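K.L.:
Residue numbers (our numbering), protein chains in the order written: chain W, 2 to 268; chain Y, 2 to 268.
Cβ atoms here follow ideal geometry from the backbone N, Cα and C, with glycine treated the same way.
Keep in mind the model is a prediction, meaning the values are calculated, not measured.
There are 2 protein chains.
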Amino acid sequence: MQNVSGSSAPVRGVLLDLGGVVYVGDTPIGGALSAVARLREAELPLRFVTNTTRRSRRQVIADLQRMGLRISDDELLTPASMARAFLQKHQLSPFLVVHPELVEDFAGLASGHPEAVIIGDAGDCFTYERLNRAYRKITEGAVLLALAMNRNFKDADGELSLDAGPFVAALEYASKRKAVLLGKPSAEFYQLAVASLGSNGDDLVMVGDDAEADVSGAISAGLRGVLVRTGKYRAGDESALPSAPDCIADSLNNAVDWILQRHQSFE
Amino acid sequence: MQNVSGSSAPVRGVLLDLGGVVYVGDTPIGGALSAVARLREAELPLRFVTNTTRRSRRQVIADLQRMGLRISDDELLTPASMARAFLQKHQLSPFLVVHPELVEDFAGLASGHPEAVIIGDAGDCFTYERLNRAYRKITEGAVLLALAMNRNFKDADGELSLDAGPFVAALEYASKRKAVLLGKPSAEFYQLAVASLGSNGDDLVMVGDDAEADVSGAISAGLRGVLVRTGKYRAGDESALPSAPDCIADSLNNAVDWILQRHQSFE
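1. Measuring only between beta-carbons, confirm whether threonine 53 of chain W sits less than 9 Å from chain Y.
2. Touching or not, the region 104–116 of chain W and the region 125–132 of chain W, by the rule of three or more beta carbon pairs under 8 Å?
3. Alanine 196 of chain Y lies in the alpha helix (DSSP H); which residues open and close that run?
4. I'd like to know whether the C-beta atoms of alanine 180 of chain Y and valine 169 of chain Y end up nearer to each other than 9 Å.
5. Using the Cβ count rule (16 or more neighbours within 10 Å means buried), how would you classify glycine 142 of chain Y?
6. Indicate whether at least one CB of chain W lies closer than 9 Å to the CB of proline 243 of chain Y.
7. Strictly under 9 Å for the Cβ-Cβ distance: is leucine 145 of chain W near chain Y by that measure?
8. When Cβ atoms are compared, which residues of the region 117–142 of chain W fall closer than 8 Å to chain Y?
9. Assuming contact is defined by CB atoms lying nearer than 9 Å, are glycine 14 of chain Y and arginine 48 of chain Y in contact in what I supplied?
10. For the region 92–100 of chain W against the region 115–125 of chain W, are there 3 or more C-beta pairs whose distance is under 8 Å?
11. Return the CA-CA distance between valine 5 of chain Y and lysine 138 of chain W, expressed in angstroms with no decimal places.
12. Please report the distance separating the alpha-carbon of leucine 103 of chain W from that of arginine 58 of chain W.
13. For a cutoff of 9 Å on Cβ pairs, would you count proline 167 of chain Y as touching chain W?
14. Using a Cβ-Cβ cut-off of less than 9 Å, give me the residues of the region 209–225 of chain Y that come near chain W, in sequence order.
15. Exposed or buried, serine 73 of chain Y, counting other C-beta atoms within 10 Å across all chains shown (16 or more means buried)?
16. Could you check where the beta strand (DSSP E) with glutamate 105 of chain Y kicks off and where it finishes?
17. How many angstroms separate the CA atom of aspartate 210 of chain W from the CA atom of alanine 250 of chain W?
18. Which residues, taken in chain order from the region 154–182 of chain W, show a beta carbon closer than 9 Å to some beta carbon of chain Y?
19. Kindly indicate if chain W contains any beta-carbon less than 9 Å away from that of arginine 56 of chain Y.
20. Residue ranges of each beta strand (DSSP E) run of no fewer than 3 residues wholly in the region 126–195 of chain W, ordered along the chain?
21. Pick from W/Gly237, W/Ala214, W/Leu172 and W/Leu242: whose alpha carbon is nearest that of leucine 16 of chain W?
22. Please report the straight-line C-alpha distance between tyrosine 191 of chain Y and alanine 147 of chain Y, rounded to a whole angstrom.
23. Quick one: which residues of the region 62–84 of chain Y get their C-beta closer than 8 Å to a C-beta of chain W? List them in chain order.
24. Can a CB atom of chain W be found closer than 9 Å to the CB of arginine 152 of chain Y?
25. So arginine 13 of chain Y is in the alpha helix (DSSP H); what residue range does that whole segment cover?
26. Take every Cβ of the region 252–263 of chain W, pair it with every Cβ of the region 233–242 of chain W, and state whether three or more of those distances are shorter than 8 Å.
27. Where do the ends of the alpha helix (DSSP H) carrying valine 269 of chain Y lie?
28. Identify every residue that forms a DSSP beta bridge with alanine 250 of chain W.
29. Give a yes or no on whether the minimum CB-CB distance between alanine 194 of chain Y and chain C is below 9 Å.
30. For the beta strand (DSSP E) that contains glutamate 44 of chain W, what are its first and last residues?
31. I believe alanine 38 of chain W touches asparagine 254 of chain W by the beta-carbon criterion, under 8 Å. Please report the beta-carbon distance rounded to the nearest angstrom.
32. Please look up how many angstroms separate the CB atoms of proline 341 of chain W and leucine 198 of chain W, rounded, as I've assumed it's under 8 Å.
33. Would DSSP call proline 95 of chain W helix, strand or coil?
34. Within this structure, are the beta carbons of valine 206 of chain Y and arginine 230 of chain Y separated by less than 9 Å?
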């Protein structure tokens, strides 16, 4: 474990990424469940902030419960929830390029409004036909909403696979238009998490395995960022960041050691 | 017809784009065949330079013949021919993400070399599975070769559809690597065309419907560029170019009027 910046402010809340930090595929990462339990015992408020768009909110909560981790509905923040709020605010109807499992998170929205194209990690549903329909809608004026810009994720076979970001980049290139980013590392996403904890951010720590979306995004939003060497982490991921992570930890368990030192010392 | 820059140098050879200039789908554009015939009568050497990667060289020549236009093999320049030469020069084996019709242009190459990922306009063959395999190869060190970076093309239904460029952009974003571009507007592509006409470029005119790949690319390579208002052309396409087209013509027929004025006046 490496404490890079040596920040000494008290920690009053923690944001945790899920995939690659708490679990990979459908298996908890060693020590992760007890690490979360230690945060709960210390009564640190938690938010689980995920860019995963292959599962609905309902499924994410059920998956975690099946793995032995109970979280409440208001502890979970997903890009789909933000997209839903965006559509309602701007009176838009969704044209979805997302995984079938995510569709339920967009149920019941008004139809007949101007359309917004919504890109998630659609996996095998990224077909030419669907992307081409999305492209034509964008050229006709539809807003392009990116649930995430992640380049890749650690797939069930242990290898990196293409996430939503590359397909958003494809549509941006084709249309010469810029997507509105809703997930990490957008400032709006972190602001929502920070506000939901009644904080201004400087007493919060974000833990993630994605150097850009998790760590750099959180630091840009005024939080501290801890990078874990699990999940998609590859040696040197941190070297290209504009600011160094506050801590680089071998796992969530080690990250929690670091967090609790900075919490307990101020109680 | 609008002569923008008023260049007065003699024209000694012509490069013609095919899709959107000579034909759309499988139908010649009105006046295009007789316009080519007028260039032939004026004994102007011609090269047909296409970024189309949905048809093999053999098929392109057969398609043109079926439409009533005979061209010889050495008059046709395609990105696939350049890719083949690149693979042979660098001793690479191809991993193809291309339309099934294009595969024959890569037949007979040595296997077992390090791989290069080759992206053409694969249409419905742009599947997540294929793009993901390509991505993994690039992360393992394979070179990324783009047969073209075109954003779109005018499809058989008259609408714009996604071309190869967006999918190259997707893999560039995912891998943080830059593709080697083989088709228009790469300088190498135009240099090959210019050399095959025994010219240094300043006496050649390129005619195309793609403001960036055809007109801007040709001007950057030292040729004159004529933009035609057929095919994928949309009003204002020329406004974002770094240098104005030498001529904007309603069709190939009008473009040939402009060319012949600049040819005959120096004979």
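P.N.:
Let me lay it out:
1. no
2. no
3. 188–197
4. yes
5. exposed
6. no
7. no
8. Ala123, Gly124, Asp125, Cys126, Phe127, Thr128, Tyr129, Glu130, Leu132, Asn133, Tyr136, Arg137 and Thr140
9. yes
10. yes
11. Legend: pLDDT at valine 5 of chain Y = 48, less than 50; position of this residue unreliable, value from coordinates given subsequently. Approximately 34 Å, taken between the alpha carbons.
12. 8 Å
13. yes
14. none
15. exposed
16. Per DSSP, glutamate 105 of chain Y belongs to no beta strand (DSSP E) and is neither H nor E.
17. 10 Å
18. Asp156, Glu160, Leu161, Ser162, Leu163, Asp164, Gly166, Pro167, Phe168, Val169, Ala170, Ala171, Leu172, Glu173, Tyr174, Ala175, Ser176 and Lys177
19. no
20. 144–147, 153–155 and 161–163
21. W/Ala214
22. 15 Å
23. none
24. yes
25. That residue, arginine 13 of chain Y, is in no alpha helix (DSSP H); it is neither H nor E in DSSP.
26. no
27. As displayed, chain Y neither begins before 2 nor continues past 268, which places residue 269 of chain Y out of reach and without an answer.
28. W/Val229
29. Among the chains of the structure shown, chain C does not appear; the protein chains present are W and Y.
30. Per DSSP, glutamate 44 of chain W belongs to no beta strand (DSSP E) and is neither H nor E.
31. About 11 Å; that fails the 8 Å criterion.
32. Residue 341 of chain W lies beyond the range of chain W shown here (2 to 268); nothing can be said about it.
33. strand
34. no
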